[in-house]
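Numbering follows this note's numbering, in which position 248 of the sequence shown is assigned residue number 246; successive positions increment by one, without gaps.
We put the beta carbon where it would ideally sit given N, CA and C, even for glycine.
Note sheet for the following structure.
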Amino acid sequence: MEPLVRRHNPWWSGESDPVVERWRRASVKWIPEWIKEVSLEPFSLNFVIGPRQVGKTTGLRLLIHRLLEDRSPYQLFYFNCDFTADMEHLRRVLDLYLSVKRAHGLSECFIFLDEVGSTAGWWRVIKGYIDLGALDDCVLTLAGSSTLRLKGEVELFPGRRGKGTDVKALPLTFKEFAEVHGVKIPLSGNLERDIAEAKLYQDKLEDLFKQYLKLGGFPLSINRDERAPEYLLLALEGELLRLGKSPQIAKAIISSIMRKAPSPLSYSAIAKDIGVSYKTVEDYIQTLRKLFLLEIAYHKEGKRILWRKEKKIFFLDPFIANTLAEWAGEAPLQASIYEWVTQAHLHRKYGEVYYYRNAYEIDCIARNLKIEVKAGKPHRKYPKNTITLTQEDIPPFLYALNT
């Protein structure tokens, strides 16, 4: 076990980190903003959660690389729990590191456990060490895919988090995508003024938006790795199987959503389309939400949210939408893609997005914003104070949202 632990921590031997070196060789690279949200003050129990392939491991290794600038290498411990067979194995790994820490006379330490959800019952081990006080002088950061949210394991540590934080590692937004490609526009925080400012860069933003609609915000896809879709689908199928879900039913549901988009739809309509119960559809859609693949815009009238009415279901990233469309054998309407990317950005900014449909329709309602995505649709009537977005309007609007 010791050689495996040492291979996970090459800085103990003065060697370079292969993950950081691979990051350095990438054509397009960035230091993820989310690593700034990780608490580094003992005692902290942090959770970093996000979809597979989003760059959680690279982000953690870049954080370790930064911490190494003024700390002993043995204060920093990383382990990928995909390599632990069970709880006992995880316990032995932690015991080994704590003995190394003691041997070097260290107090404060930083422990990073990646893909912690791969080890069944991991939370029992971590809880036990916390309750024993063995980690009082440590910062413990646990990273995992969205299944941690699905199983509710993050909520199993009441009163045991210290100064820890919950961190979401998500794909790049369009603004972030533009910035890593060199377009940095000064923003004031006033949306109307910032849209006008962004429009001064219209040609560059339109060109980058075309790329963004193909590549999305995942590191491998942005670097045009041909294996990126395959890796995303393998990760998705693995997650579904671990949760006892059928990838075929998930594929059928995604196919039905894409065929009906951008129209609102009900769980019953999808169920009828693919021959399962509406309860099954609801269950799978909630699973796909917690896997950070899609979200729901509920119908809103005034201040009332009509939970039972038809919903608008949208995908959270263009690369996710493109990969799932290929998997499901569908070709979504261009109007759907424009609407999805707008809804996804509003959801990232405000944490919620709704729609309204009666004599007229409002595609997106978020806080005090009412937005109609006109791109790819016939002309309709819109109520007053509605921002209407043509195809050319979408890139500067998304940039100005500052998500």
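Annotation for G142: the continuous beta strand (DSSP E) segment containing it runs 136 to 142. Rounded to the nearest whole angstrom, the CA to CA distance from V18 to K298 is 46 Å. Straight across, the Cα-Cα distance linking L104 with E39 is about 16 Å. Secondary structure note for E153: it is in no beta strand (DSSP E), with a DSSP letter that is neither H nor E. Residue state for N221 is assigned as coil, using DSSP reduced to three classes.
Note on the segment 303 to 364: whole beta strand (DSSP E) runs with a minimum of 3 residues are 310 to 313, 352 to 355, 359 to 364, in chain order.
Within its own chain, the residues whose Cβ lies closer than 7 Å to the Cβ of K243, once the five positions on either side in sequence are excluded, are Y282, T285, listed in chain order.
The segment 167 to 191 contains, as complete alpha helix (DSSP H) runs of 4+ residues, the segments 172 to 178 (chain order). In the DSSP annotation of this structure, S105 is not part of any alpha helix (DSSP H), being labelled neither H nor E. For T386, the uninterrupted beta strand (DSSP E) run begins and ends at 385 to 387, by DSSP. Taking G53 as the centre and dropping the five residues before and after it, the same chain places the C-beta of P30, A167, F216, P217 closer than 8 Å to its C-beta, in chain order.
Annotation for Y265: Y276, V279, E280 place their beta carbon closer than 6 Å to its own, counting only its chain and skipping 5 residues before and after. The continuous stretches of beta strand (DSSP E) do not include I272, which lies in the alpha helix (DSSP H) extending over residues 265 to 272.
For F207, the enclosing alpha helix (DSSP H) covers residues 200 to 213. If the five residues before and after I109 are omitted, its C-beta is found closer than 6 Å to the C-beta atoms of F75, C136, L138, all from its own chain and listed in chain order.
According to the DSSP assignment, I294 belongs to the beta strand (DSSP E) that extends over 292 to 299.
Ranked by how close their Cα comes to the Cα of T171, the residues D129, K372, W32 have W32 in first place.
Assignment of D112 by DSSP, reduced to helix, strand and coil, places it in the strand class. For L387, the closest alpha carbon among the candidates Y397, A373, L399, N400 is that of A373.
A buried status is given to I369, since no fewer than 16 other beta-carbon atoms sit within 10 Å of its beta-carbon.
The segment 114 to 122 and the segment 148 to 160 touch, with no fewer than 3 CB-CB distances between them shorter than 8 Å. Listed in chain order, the non-local C-beta contacts of T55 below 7 Å within the same chain comprise V17, D112, local neighbours out to five positions each way being set aside. Listed in chain order, the non-local C-beta contacts of L239 below 8 Å within the same chain comprise P245, local neighbours out to five positions each way being set aside. Annotation for F395: the continuous alpha helix (DSSP H) segment containing it runs 392 to 398. Between E328 and S253, the gap from beta carbon to beta carbon is short of 8 Å. In the DSSP annotation of this structure, the continuous segment of the beta strand (DSSP E) that includes K368 starts and ends at 367 to 371.
One thing to note: T401 has its Cβ within 8 Å of the Cβ of K173.
Around the beta-carbon of H102, fewer than 16 other beta-carbon atoms lie within 10 Å, marking it exposed. With contacts defined by Cβ atoms closer than 8 Å, V26 and A141 do not form a contacting pair.
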